[in-house]
Amino acid sequence: MTHRGDTVEALVLDACVLISLTLRHVFFHAAVHGLCRLHWSDRILDEATHNLIRMGHLDRAGATFLIAAVTESFPGARVTVPEAVVAMMRNDAGDRHVAAAAVVAEAPTIVTVNLRDFPPPALPPWAIEATHPDRVLLRLWGRYPAEMAIVMQDMAGDAPEGYDPWEATLYALRRVTPRFARTLGAFRSAVPGP
97 MTHRGDTVEA LVLDACVLIS LTLRHVFFHA AVHGLCRLHW SDRILDEATH
147 NLIRMGHLDR AGATFLIAAV TESFPGARVT VPEAVVAMMR NDAGDRHVAA
197 AAVVAEAPTI VTVNLRDFPP PALPPWAIEA THPDRVLLRL WGRYPAEMAI
247 VMQDMAGDAP EGYDPWEATL YALRRVTPRF ARTLGAFRSA VPGP
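With the working numbering, letter number 128 in the sequence shown gets 224, and the count goes up by one each step, no holes.
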C-alpha cells in the first residue's frame, strides 16, 4: 500500500458512483493504494444502497453488509453533515447533501455522473467542483501511472472465472468512463502478460 498522507486528493463519491460495482471497486482499490482519500455521508450510502435494492442488485441484507464493509474498510471516509450546512448549498435541492459532504470533508472534488445537479456557479464559494468519474480516473492515471496500473491489475483479478480479466474490467468501464477505458486498453495492448 502506498502512503501519501494529505498530498492525495480527497474525493466525495456521489451515490451514482457507488451504485456502479466497477466504479466503486476502482475507486476503492485506488484509495487502498493511497492514491486518493474517499468520503461520503450516511445519506449518500443510504441513497446508493436504496437504489441498488430498487434495481434488484442487492437485497436488504446485502445492503447492510455493503454499508458495514465500506465503513470497516474506510473508517475515515464517513462525514457527518449538519443540516445547517446542507441548507447553505445552492446546487440541485436533491443533491445539496452531497455538496455539503464535500464542504465538511474539505474535499475539492465531488465524483458524479450527474454534473447538471452541481452547476459551477453554485460551487465556487466552497472551493469544490463536480467532476465526471472519467476525468477523475484519467487524472489519477496521469499522476500515478505505475500505481494505477497495479490498481487495474488488482481489479482484473476480481473478474469472474471464465472471463478474460482485463476484457471484463474494460467492458464494464467503457459504459461510464470511455476515455479511461481507452487509456487502459492502450496500456494493456502495450504491456505483455496475461
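All residues carry an ideal CB built from backbone N, CA and C; glycine is no exception.
Give the DSSP bridge partners of residue i, in chain order.
{"i": "Val108", "result": "His135, Ile206"}
{"i": "Thr227", "result": "Val207"}
With 16 other CB atoms within 10 Å as the buried threshold, where does residue i fall?
{"i": "Ser116", "result": "buried"}
{"i": "Phe276", "result": "buried"}
{"i": "Ser169", "result": "exposed"}
{"i": "Phe124", "result": "buried"}
{"i": "Thr208", "result": "buried"}
{"i": "Met151", "result": "exposed"}
{"i": "Pro215", "result": "exposed"}
{"i": "Thr118", "result": "buried"}
{"i": "Tyr259", "result": "exposed"}
{"i": "Met97", "result": "Below a pLDDT of 50, predicted positions are generally treated as unreliable, and Met97, at 48, falls in that range; the measurement from the model is reported next regardless. Exposed, because fewer than 16 other Cβ atoms sit within 10 Å of the Cβ of Met97."}
{"i": "His99", "result": "Interpretation of His99 is limited by its pLDDT of 49, a score under 50 that renders its predicted location unreliable; the figure taken from the coordinates is listed afterwards. It counts as exposed."}
{"i": "Ser137", "result": "buried"}
{"i": "Thr205", "result": "buried"}
{"i": "Ala180", "result": "exposed"}
Just checking my contact of residue i with residue j at CB under 8 Å: how many whole Å lie between their CB atoms?
{"i": "Leu134", "j": "Leu109", "result": "6 Å"}
{"i": "Leu114", "j": "Ala144", "result": "4 Å"}
{"i": "Leu269", "j": "Ala203", "result": "Leu269 to Ala203, Cβ: 23 Å. No contact."}
{"i": "Val177", "j": "Ala189", "result": "Contact flag wrong, Cβ pair sits at about 15 Å."}
{"i": "Ala164", "j": "Ile149", "result": "Not confirmed; about 15 Å, so no contact."}
Hey, would you say residue i sits closer than 9 Å to residue j, going by beta carbons?
{"i": "Arg174", "j": "Leu141", "result": "yes"}
{"i": "Thr279", "j": "His228", "result": "no"}
{"i": "Ala252", "j": "Ala264", "result": "yes"}
{"i": "Val247", "j": "Val122", "result": "yes"}
{"i": "Glu105", "j": "Arg231", "result": "no"}
{"i": "Pro224", "j": "Ala183", "result": "In the sequence as presented, Pro is not what sits at residue 224; that position holds Ile. The answer is no: Cβ separation not under 9 Å."}
{"i": "Arg271", "j": "His193", "result": "no"}
I'd like the ranges of any beta strand (DSSP E) spanning at least 3 consecutive residues and lying wholly in the region 111-194.
For secondary structure counted as the beta strand (DSSP E) over 3 or more consecutive residues, the region 111-194 holds these complete runs in sequence order: 132-137.
Secondary structure, alpha helix (DSSP H): runs of 4+ residues fully inside the region 214-282
229-239, 241-253, 261-272
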